[in-house]
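**Student:**
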Amino acid sequence: MKALVKDQAEPGLWLADVPEPAVGPGEVLIKVLRTGICGTDLHIRAWDGWARQTISTPLILGHEFVGEVVETGRDAGEIKAGDRVSGEGHLVCGKCRNCQAGRRHLCRATIGLGVGRDGAFAEYVTLPAANVWVHRVPVDLDVAAIFDPFGNAVHTALSFPLVGEDVLITGAGPIGLMAAAVARHAGARHVMITDVSEERLELARKIGVSLALNVRDSAIADGQHLLGLREGFDVGLEMSGRPEALRDMITNMTHGGRIAMLGLPAEEFPVDWSRIVTSMITLKGIYGREMFETWYAMSVLLEGGLDLAPVITGRYSHRDFEAAFEDAASGRSGKIILDWTA
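Each residue of the sequence shown is one higher than the last, beginning at 61 in our numbering.
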């Protein structure tokens, strides 16, 4: 089969012929239809410091996908051939305290699909049946391909009650954009999103945010004033991993404000802990999705009319992966989709 492989320990990716995976007990073999390009894939392609420390070559990339089940191994449960499925990309041990308590998203021994084992940028992928999400109602293939990052957005956005609240999102990348759509759909009063890319801020405006602010030109405090907020934002969703973004967010939170952090900083940085203490601000780290409560919420949100179409800005054949990755790395796009049937 064809697969997109990190074949050598150097920058680049290669479309190569590799053996089709064999389905084992408790596993499912899936014919891949569409995949989404993630920031993790960009790091692996660039072969940066994180990738050099984390990735063993050769490796098939990819963890955002939708496909069709073609074969199930023994003990695969109710999943059957022909099911349209996406996959939870965090494979957990099932034995630790958190796994046994049903808190699988907190497993300390998590292995990432397309990071710690071969992934979904291929014509076929295998996945434990416990990680397979069956789409019981029709979902657009492009949207189904990005259920993994959509889950990050939902997990982050719904960490705190949003009805009637004023929400600040720092970082209008694809997950920040999806979080903005979720916050609007969930009943937030105002949703303000910040970035330095006018292209991404324009996508946010199409989603319907209250204010999309370019922080090259204006400060978060200016946006707060434009929205008429006298006491600051109630909920913050930090999606950028940028030190200045978190610092400015903390400065513009109301007393008792709550911040969910998904953006992953490249290195340690200082924050004003005195303000966090005296303003009684709650900080919550987010990694991945709650299995599978977040997935249920995603499906229900889409059934309820949540529209993610504006977030998807590029569609390419898998053979044109170089152009697709350049688009995804530009800092101006939303989600980029690779079609494995083209």
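C-beta atoms are modelled at their ideal positions from N, C-alpha and C, and glycine is treated no differently. Quick caveat: nothing in here was measured; it's all calculated off a predicted structure.
Taking all protein chains shown into account, decide if Ile171 is buried (16 or more other Cβ within 10 angstroms of its Cβ) or exposed.
**Tutor:** Along the sequence shown, one-based indexing puts residue 171 at 111. It counts as exposed.
**Student:** If you draw a straight line from the alpha carbon of Ile229 to that of Ile253, how long is it in whole angstroms?
**Tutor:** Along the sequence shown, one-based indexing puts residue 229 at 169. Along the sequence shown, one-based indexing puts residue 253 at 193. Answer to the nearest angstrom: the Cα atoms are 5 Å apart.
**Student:** If you count every other CB in all the chains shown that lies within 10 Å of the CB of Phe293, and 16 or more means buried, which is it?
**Tutor:** What you label residue 293 is simply residue 233 of the sequence shown in a count that begins at 1. It counts as buried.
**Student:** For Arg276, count the other beta carbons within 10 Å of its own beta carbon; 16 or more makes it buried, fewer makes it exposed. Which is it?
**Tutor:** Counted from its first residue, the sequence shown places residue 276 at position 216. It is exposed - the Cβ of Arg276 has fewer than 16 other Cβ atoms within 10 Å.
**Student:** Gly147 and Leu187 look like a contact to me (Cβ under 8 Å); what is the Cβ gap, rounded to whole Å?
**Tutor:** Mapped onto the sequence shown, residue 147 falls at position 87. Mapped onto the sequence shown, residue 187 falls at position 127. By a beta-carbon distance limit of 8 Å, Gly147 contacts Leu187. Their separation comes to about 5 Å.
**Student:** Starting from the C-beta of Arg157, find all residues in its chain whose C-beta is less than 8 Å away, skip the five residues before and the five after it, and write them out in chain order.
**Tutor:** Taking the sequence shown and counting its residues from 1, the one referred to as residue 157 is at position 97. Excluding sequence positions up to five before and after Arg157, its CB lies less than 8 Å from no other CB in the same chain.
**Student:** Does DSSP put Ile171 in a helix, in a strand, or in coil?
**Tutor:** Taking the first residue of the sequence shown as position 1, residue 171 is located at position 111. Strand at Ile171.
**Student:** What three-state label does DSSP hand Pro234 in the structure shown?
**Tutor:** Translated into the one-based positions of the sequence shown, residue 234 becomes position 174. Three-state DSSP puts Pro234 in a helix.
**Student:** Whole-angstrom Cβ separation of Gly323 and Gly301, contact assumed at under 8 Å?
**Tutor:** Walking along the sequence shown from the start, residue 323 turns up at place 263. Walking along the sequence shown from the start, residue 301 turns up at place 241. Right, their Cβ atoms sit about 3 Å apart.
**Student:** What first and last residue would you give for the alpha helix (DSSP H) that runs through Val145?
**Tutor:** Numbered from its first residue, the sequence shown carries residue 145 at position 85. For Val145, no alpha helix (DSSP H) segment is defined; the enclosing uninterrupted segment is the beta strand (DSSP E) at 144-147.
**Student:** Using the C-alpha atoms, what's the distance from Met313 back to Thr338?
**Tutor:** Indexing the sequence shown from 1 puts residue 338 at position 278. Indexing the sequence shown from 1 puts residue 313 at position 253. Cα to Cα, the separation comes out at about 12 Å.
**Student:** Can Val78 and Ala63 be called in contact, C-beta distance under 8 Å?
**Tutor:** Taking the first residue of the sequence shown as position 1, residue 78 is located at position 18. Taking the first residue of the sequence shown as position 1, residue 63 is located at position 3. Contact flag set, yes.
**Student:** Looking at the unbroken alpha helix (DSSP H) that takes in Asn212, where does it start and where does it end?
**Tutor:** Numbered from its first residue, the sequence shown carries residue 212 at position 152. Its alpha helix (DSSP H) spans residues 207-217.
**Student:** Tell me the residue span of the beta strand (DSSP E) that contains Thr117.
**Tutor:** Translated into the one-based positions of the sequence shown, residue 117 becomes position 57. Per DSSP, Thr117 lies in no beta strand (DSSP E) and is assigned neither H nor E.
**Student:** Using the C-alpha atoms, what's the distance from Leu173 back to Gly374?
**Tutor:** Your numbering for residue 374 matches position 314 in the sequence shown. Your numbering for residue 173 matches position 113 in the sequence shown. One C-alpha to the other measures close to 23 Å.
**Student:** Note down, in chain order, each residue of its chain lying with its Cβ closer than 8 Å to the Cβ of Ala205, except the 5 sequence neighbours on either side.
**Tutor:** Counting from 1 along the sequence shown, the entry for residue 205 is found at position 145. Cβ within range, chain order: Leu93, Arg94, Thr95, Gly96, Glu124, Phe125, Val126, Ser146, Ile397.
**Student:** Assign His378 to buried or exposed, taking buried as 16 or more other Cβ atoms, counted over all protein chains shown, within 10 Å of its Cβ.
**Tutor:** Within the sequence shown, the letter at position 318 stands for residue 378. Buried is the call here.
**Student:** Beta carbon of Val129, beta carbon of Gly149: below 8 Å?
**Tutor:** Sequence index remark: in the sequence shown, residue 129 carries index 69 (1-based). Sequence index remark: in the sequence shown, residue 149 carries index 89 (1-based). Contact: no.
**Student:** Take every Cβ of the region 209-227, pair it with every Cβ of the region 355-367, and state whether three or more of those distances are shorter than 8 Å.
**Tutor:** yes
**Student:** Output needed for Gly122: all residues of its chain with C-beta closer than 6 Å, excluding positions within five of it in sequence on either side, in chain order.
**Tutor:** For the purposes of this step, residue 122 is identified with residue 62 of the sequence shown, where counting begins at 1. Once the five neighbours on either side are set aside, the close Cβ partners of Gly122 are Thr95, Gly174, Gly179, Ala180, Phe181.
**Student:** Use the C-beta contact count for Gly348: other C-beta atoms within 10 angstroms, 16 or more gives buried, fewer gives exposed.
**Tutor:** What you label residue 348 is simply residue 288 of the sequence shown in a count that begins at 1. The residue in question, Gly348, is buried, as its Cβ has 16 or more Cβ neighbours within 10 Å.
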